[in-house]
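> This note's numbering runs 298 ahead of the 1-based position in the sequence shown.
Don't be surprised by glycine CBs; every beta carbon is placed ideally from N, CA and C.
Got a structure for you, written out below as structure tokens; questions coming shortly.
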Amino acid sequence: MIREITSSTNPLVKELRALASSKKARQESGTFIIEGWRGIKTLLEHESRGYTLEQLVVSSGWDSTAQLPEAIETIQLPEHLFEKVSDVRNAQGILGVVRHTPYPFEFFPDTGNYLLLDNLRDPGNLGTLIRSAVGAGFDGILLYGDCVEPFNPKVIRSTMGTFAFSNLWHIGDKEVSELLEHGYDLCVTTGLGGNSLYETAFGRKNVLVIGSEAHGVSGNLMQRATRKITIPLAKECESLNAAIAGSVCMFHLRNA
299 MIREITSSTN PLVKELRALA SSKKARQESG TFIIEGWRGI KTLLEHESRG YTLEQLVVSS
359 GWDSTAQLPE AIETIQLPEH LFEKVSDVRN AQGILGVVRH TPYPFEFFPD TGNYLLLDNL
419 RDPGNLGTLI RSAVGAGFDG ILLYGDCVEP FNPKVIRSTM GTFAFSNLWH IGDKEVSELL
479 EHGYDLCVTT GLGGNSLYET AFGRKNVLVI GSEAHGVSGN LMQRATRKIT IPLAKECESL
539 NAAIAGSVCM FHLRNA
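See below:
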């Protein structure tokens, strides 16, 4: 059953606007917004650890023939109200409220590939790297330092729904030490002075480190690196952005 709301002063409308614009609101409620049918369909069709679709919101102009599940509350808003709660300029007319339930950091003791993002600040880069990590079959994504909030609408949109399949943790030096103590290689990417990515013999336990867009990998992680790797580039290209560099490394490492 669809419940219609027409007033801009309705508490739900205010909550949705806050989730779309406020990191604090997302953190306090433990929920965030996903826009578009693709991501919602992913959550409806697949089990997702840590993510639960709690509510659907559709525009009065949404004319999709998709079957909306009766078990999930669905709210209909007039188009002008939907535009106010949407973070997208040309919205598809449907969004979902998703609850994130964190779970403790864990890793495979014998084999595994993890992506560590060091102070990554760009939402589009984070979303793209989550998507690539899922595509490359990585076992988890580790956010280290002052990374952009992973439930920022721009991040979620850039994942194209793949966030639902990602194991995502905020970690610090303690967790890095645990991984090193269990024999994981800390494979730090660097623009200069590293071994060629394509000549590196990777082991069975790897933590691939991608640094911030502005400053690269922090000195602390660089000092603890067990491998330093560089992507060979044509002389006409000085560097790659974080999302491209990370994606190149992940897919090569998967097949190494």
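Which word fits residue 416, buried or exposed, when buried means at least 16 other C-beta atoms lie within 10 angstroms of its C-beta?
Locating residue 416 in the sequence shown gives position 118, counting from the first residue. Answer is buried; the Cβ neighbour count reaches 16.
> Cα separation between residue 514 and residue 438?
Residue 514 sits at position 216 when you count from the first residue of the sequence shown. Residue 438 sits at position 140 when you count from the first residue of the sequence shown. So the two alpha carbons sit approximately 21 Å from each other.
> Taking C-alpha atoms, which residue in 516, 532, 309 and 412 lies nearest to residue 444?
As a working mapping, residue 444 is identified with position 146 in the sequence shown. Residue 516 is the option with its Cα nearest to residue 444.
> Applying the 10 Å Cβ sphere with the 16-neighbour rule, what's the burial state of residue 414?
Start at 1 with the first residue of the sequence shown, and residue 414 comes out as number 116. It counts as buried.
> What's the gap between the Cα of residue 376 and the Cα of residue 302?
As a working mapping, residue 376 is identified with position 78 in the sequence shown. As a working mapping, residue 302 is identified with position 4 in the sequence shown. Cα to Cα, residue 376 sits roughly 9 Å from residue 302.
> Under 8 Å: do the region 520 to 540 and the region 474 to 487 share three or more Cβ pairs, one atom per stretch?
Output reads yes: the region 474 to 487 touches the region 520 to 540.
> Evaluate contact between the region 482 to 490 and the region 461 to 469, counting only Cβ atoms and requiring at least three cross-stretch pairs below 8 Å.
No, they do not touch.
> Please report the Cβ distance between residue 354 and residue 391, rounded to the nearest whole angstrom; I am assuming they are in contact, meaning their Cβ atoms lie under 8 Å.
Locating residue 354 in the sequence shown gives position 56, where the first residue counts as 1. Locating residue 391 in the sequence shown gives position 93, where the first residue counts as 1. Not quite, the Cβ-Cβ distance comes to about 11 Å (not below 8 Å), so this is no contact.
> Specify the secondary structure class of residue 494 as computed by DSSP and reduced to three states.
On the sequence shown, residue 494 is found 196 positions in, with the first residue counted as 1. Three-state result, residue 494: strand.
> Residues in its own chain within less than 8 Å of residue 412 by CB, not counting five upstream and five downstream?
As a position in the sequence shown, residue 412 is number 114, starting the count at 1. Once the five neighbours on either side are set aside, the close Cβ partners of residue 412 are 405, 436, 437, 438, 439, 440, 477, 482, 504, 505 and 506.
> Where DSSP assigns a beta bridge to residue 485, which residues make up the other side?
Numbered from its first residue, the sequence shown carries residue 485 at position 187. In the DSSP output, where bridge partners are listed per residue, residue 485 has 506 and 525.
> Going straight from the alpha carbon of residue 628 to that of residue 539, what length do you get?
The requested residue 628 does not occur in the structure, where the chain is confined to residues 299 to 554.
> One question on the structure: do residue 341 and residue 396 come within less than 8 Å of each other, judged by their Cβ atoms?
Taking the first residue of the sequence shown as 1, we reach residue 341 at position 43. Taking the first residue of the sequence shown as 1, we reach residue 396 at position 98. Against a cut-off of 8 Å, the Cβ pair of residue 396 and residue 341 comes out as a contact.
> Could you tell me which of 526, 509 and 502 sits nearest to residue 553, measuring between CA atoms?
In the sequence shown, counting from the first residue as 1, residue 553 sits at position 255. Selected option, being the one with the closest Cα: 502.
> Please report the distance separating the alpha-carbon of residue 526 from that of residue 428.
Here the question's residue 526 lines up with position 228 in the sequence shown. Here the question's residue 428 lines up with position 130 in the sequence shown. The alpha-carbon atoms of residue 526 and residue 428 are separated by roughly 22 Å.
> According to DSSP, is residue 416 part of a helix, a strand, or is it coil?
Along the sequence shown, one-based indexing puts residue 416 at 118. It is a strand residue.
> Comparing alpha-carbon positions, which option in 480, 541, 534 and 451 lies nearest residue 410?
Stepping through the sequence shown from its first residue, residue 410 is reached at position 112. Closest by alpha carbon: 480.
> Taking just the CA atoms, how far does residue 535 sit from residue 380?
Within the sequence shown, the letter at position 82 stands for residue 380. Within the sequence shown, the letter at position 237 stands for residue 535. Taking the straight line joining both Cα atoms gives about 43 Å.
> In the DSSP assignment, find the alpha helix (DSSP H) that holds residue 383 and state where it starts and stops.
Residue 383 sits at position 85 when you count from the first residue of the sequence shown. It spans 377 to 383 - the alpha helix (DSSP H) in which residue 383 sits, taken as one unbroken run.
> Looking at the structure shown, is residue 357 part of a helix, part of a strand, or coil, going by DSSP?
The residue given as residue 357 occupies position 59 in the sequence shown. The answer is strand: DSSP assigns residue 357 an E or B state.
> Please list the terminal residues of the continuous alpha helix (DSSP H) segment that includes residue 315.
Within the sequence shown, the letter at position 17 stands for residue 315. Start and end: 309 to 319.
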